[in-house]
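So for the sequence shown, UniProt numbering puts the first residue at 1; every next one is plus one. One structure is given here, and the rest of the page talks about it.
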Amino acid sequence: MNDEFYNKGLERAKQKDYAEAIQEFTRALQLTPYFAEAYYQRGLAYYDLGEMLNAVSDFTEALKLNPQSVEAYYCRALGRMALKNLPGALADVDQAIRLNVNYAAAYNLRGTVHRKQGYIQDAIANFKKAAELYLQQKDAENCRLCLEKIKQLQPKEKPAFVQPSPIIAPLKSEKEYFTQLLEKAEKGDTREAMEDLNWALRVDPQDAQAYCCRGVVRCKLGNYREAISDFNQALRLNFDDAIVYRNRGKARSYLGDHQGAIADFNSALQMQPQDAMLYIARGNAYRVMGNYLGAINDYTQALQINPDDATAYYNRGIAYTCLEEMERAVEDYQRAASIFCEKEDWGNYQQVLDSLKKIHSPSSHSEKAKYNLLRQRLLRLVGGYWEMAQRLIDQAKYDYPGMSEDWYLQKVIGDWERDRG
């Protein structure tokens, strides 16, 4: 008979007639006072009616009879949270997770409790775990909701003198979320930025902006081939943005594909024709290929956009040096040094001074003559194709950083003669 009342209660609850369902479950319990499932189902009906105290009481009775009920702990946590008993809710959801470590809803709820308590990083960690489990269970909607919660909670940078608040203002947009990840990588925390981006792409493998950002971080790590793969994927997903072309161009330059880099910089400049940095990047590619006039034109264009760009002056000075137009080179180096000094950028300031010192050094002419002889020798070896020679030099620089220009030329010449001897 108790089963008959219990089944009627389930049917009434399914019809959302919760008051009648409670009566049927009560009749079942009068016949069988140790019926744990009837307490649990009556607790759900009380919960749906908004009678939280009665709901929590029934879930407690159910747990006395069946202390292994994961669902009863979870539901009692929901009731306790509605009653603003956050410590009790947290204790219940912790127990639910101990009983079932793959209970996605429990991690989601624990994230909500931590958020209400002001423990933002703990909340984010739980929402991440919930999203991963939802993803494994192919529950895309709940996975997406967890991702949205994380984006809202991602903290912003605070001034050092401000006392941080336990409640962090939510982000305004997805773009701001990825911007913060890039800022994190810029400050040196590339590992955590990569973890966040890898996780975001597991959640949504079609997120073009996430591919773009991961490519930027991979460039910072020196993983240029993987970065190019990410930029390609972003473009395949129609993320047609100058930032993709600009960064793919830089990655291609590092790998010696200067023609490909120039093509990317051209695409980016069509979108952002007033971006001085793009002209400098394209100028660097031209310079490495030996097209010094093309490089100088690009550096000059960058300076027309930003007349105080020390980097443009410095790189144009290098190009003039390659053309042996020393007066112009000195003029550009001095202008670059002055701007770096004003900005207190002492690292770049010293680099410019070192370049000036080489020009004025008594031995600079003999060193230049030696360099030119080595350069001509290598050019003869590669059949006059300086682009090929430059690729070999760039690879040597990548494999053996920090050596002199003469050393790289001698290294490439020696390897070429050994391999083809």
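Where a beta carbon is used, it is the ideal one built from N, C-alpha and C, also for glycine. These numbers were taken from a predicted model, which means no experiment stands behind them.
N-terminal and C-terminal residue of the alpha helix (DSSP H) that residue i is part of
| i | result |
| --- | --- |
| Gln30 | 18 to 31 |
| Ser69 | It is not in any alpha helix (DSSP H) - Ser69 carries neither H nor E in the DSSP assignment. |
| Ser338 | 326 to 342 |
| Asp122 | 120 to 136 |
| Gln154 | Element bounds for Gln154: n/a, residue is neither H nor E. |
| Leu235 | 224 to 236 |
Pairwise C-alpha distance: residue j and residue i
| i | j | result |
| --- | --- | --- |
| Met52 | Leu83 | 7 Å |
| Ser229 | Lys250 | 13 Å |
| Lys149 | Ala123 | 9 Å |
| Asp309 | Ala281 | 13 Å |
| Arg335 | Tyr313 | 7 Å |
| Tyr292 | Ile339 | 23 Å |
| Lys343 | Glu226 | 35 Å |
| Trp407 | Arg252 | 24 Å |
| Ala242 | Asp275 | 10 Å |
| Met403 | Asp394 | 12 Å |
| Ser69 | Trp199 | 31 Å |
| Val382 | Val288 | 16 Å |
| Asn348 | Pro87 | 55 Å |
| Gly414 | Leu255 | 22 Å |
| Lys14 | Gly111 | 29 Å |
| Ala261 | Leu235 | 15 Å |
| Arg76 | Gln272 | 57 Å |
| Lys357 | Cys322 | 16 Å |
| Tyr74 | Gly43 | 12 Å |
| Leu409 | Glu324 | 19 Å |
| Tyr134 | Asp257 | 42 Å |
| Gly283 | Gly222 | 21 Å |
| Tyr34 | Ala193 | 53 Å |
| Pro159 | Ala91 | Its pLDDT being 43, under 50, Pro159 is placed unreliably in this model, and the coordinates cannot settle the point. |
Per-residue DSSP class, three states only, for residue i
| i | result |
| --- | --- |
| Pro87 | helix |
| Val101 | coil |
| Gln274 | coil |
| Gly414 | helix |
| Arg385 | Checking the displayed sequence, the identity of residue 385 turns out to be Tyr instead of Arg. DSSP places Tyr385 in coil when its eight states are reduced to three. |
| Phe265 | helix |
| Asp196 | helix |
| Asp257 | coil |
| Tyr299 | helix |
| Asp372 | For the record, residue 372 in the displayed sequence is Asn; it is not Asp. DSSP places Asn372 in helix when its eight states are reduced to three. |
| Leu378 | helix |
| residue 425 | There is simply no residue 425 to check, as the chain begins at 1 and stops at 421 in what is shown. |
| Arg420 | coil |
| Met52 | helix |
| residue 441 | Here the chain has residues from 1 to 421 only, and residue 441 is not among them. |
| Glu405 | helix |
| Phe5 | helix |
| residue 464 | One cannot answer for residue 464 here, as it falls past the ends of the chain, which runs 1 to 421. |
| Tyr400 | coil |
| Arg209 | The residue you asked about is not Arg; residue 209 is Gln in the sequence shown. Three-state result, Gln209: helix. |
| Leu44 | helix |
Environment of residue i [buried if 16+ CB atoms lie within 10 Å]
| i | result |
| --- | --- |
| Val203 | buried |
| Arg98 | exposed |
| Thr311 | buried |
| Glu61 | buried |
| Tyr320 | buried |
| Gly337 | First, the residue type needs correcting, since residue 337 is Ala and not Gly in the sequence shown. Ala337 is buried by the Cβ-count criterion. |
| Lys128 | buried |
| Val412 | buried |
| Asn247 | buried |
| Thr179 | exposed |
| Asn7 | exposed |
| Asn266 | exposed |
| Gln350 | exposed |
| Ala169 | At Ala169, the pLDDT of 35 sits below 50, so the modelled position is not reliable; the number obtained from the coordinates is stated separately. With fewer than 16 Cβ atoms within 10 Å of its Cβ, Ala169 is classed as exposed. |
| Tyr398 | exposed |
| Gln233 | buried |
Closest residue to residue i among the options (Cα-Cα distance)
| i | options | result |
| --- | --- | --- |
| residue 490 | Arg380, Pro205, Gly222, Leu323 | Because the chain here runs from 1 to 421, residue 490 falls outside it and cannot be looked at. |
| Val217 | Asp207, Asp189, Ala234, Pro401 | Asp189 |
| Gln152 | Gln390, Ile120, Gln137, Lys129 | Ile120 |
| Val56 | Gly283, Met81, Tyr6 | Met81 |
| Arg27 | Asn108, Gln41, Ala125 | Gln41 |
| Leu109 | Leu378, Ala200, Gln136, Leu78 | Leu78 |
| Asp139 | His258, Tyr103, Glu325, Ile318 | Tyr103 |
| Asn100 | Gln301, Gln259, Ala45, Ala130 | Ala130 |
| Ile318 | Gln301, Ala302, Glu183, Ala295 | Ala295 |
| Leu31 | Asp419, Glu4, Lys116, Ile305 | Glu4 |
| Ser355 | Asp257, Gln376, Ala21, Met326 | Met326 |
| Gly118 | Asn266, Gln154, Asn372 | Gln154 |
| Gln259 | Leu278, Tyr279, Tyr286, Asn238 | Tyr286 |
| Gln390 | Tyr299, Glu20, Gly290 | Gly290 |
| Ala38 | Gly50, Lys16, Asp17, Asn66 | Asn66 |
Proximity test, Cβ basis, 8 Å: residue i and chain C
| i | result |
| --- | --- |
| Lys187 | Absent here is chain C; the protein component of the structure consists of one chain. |
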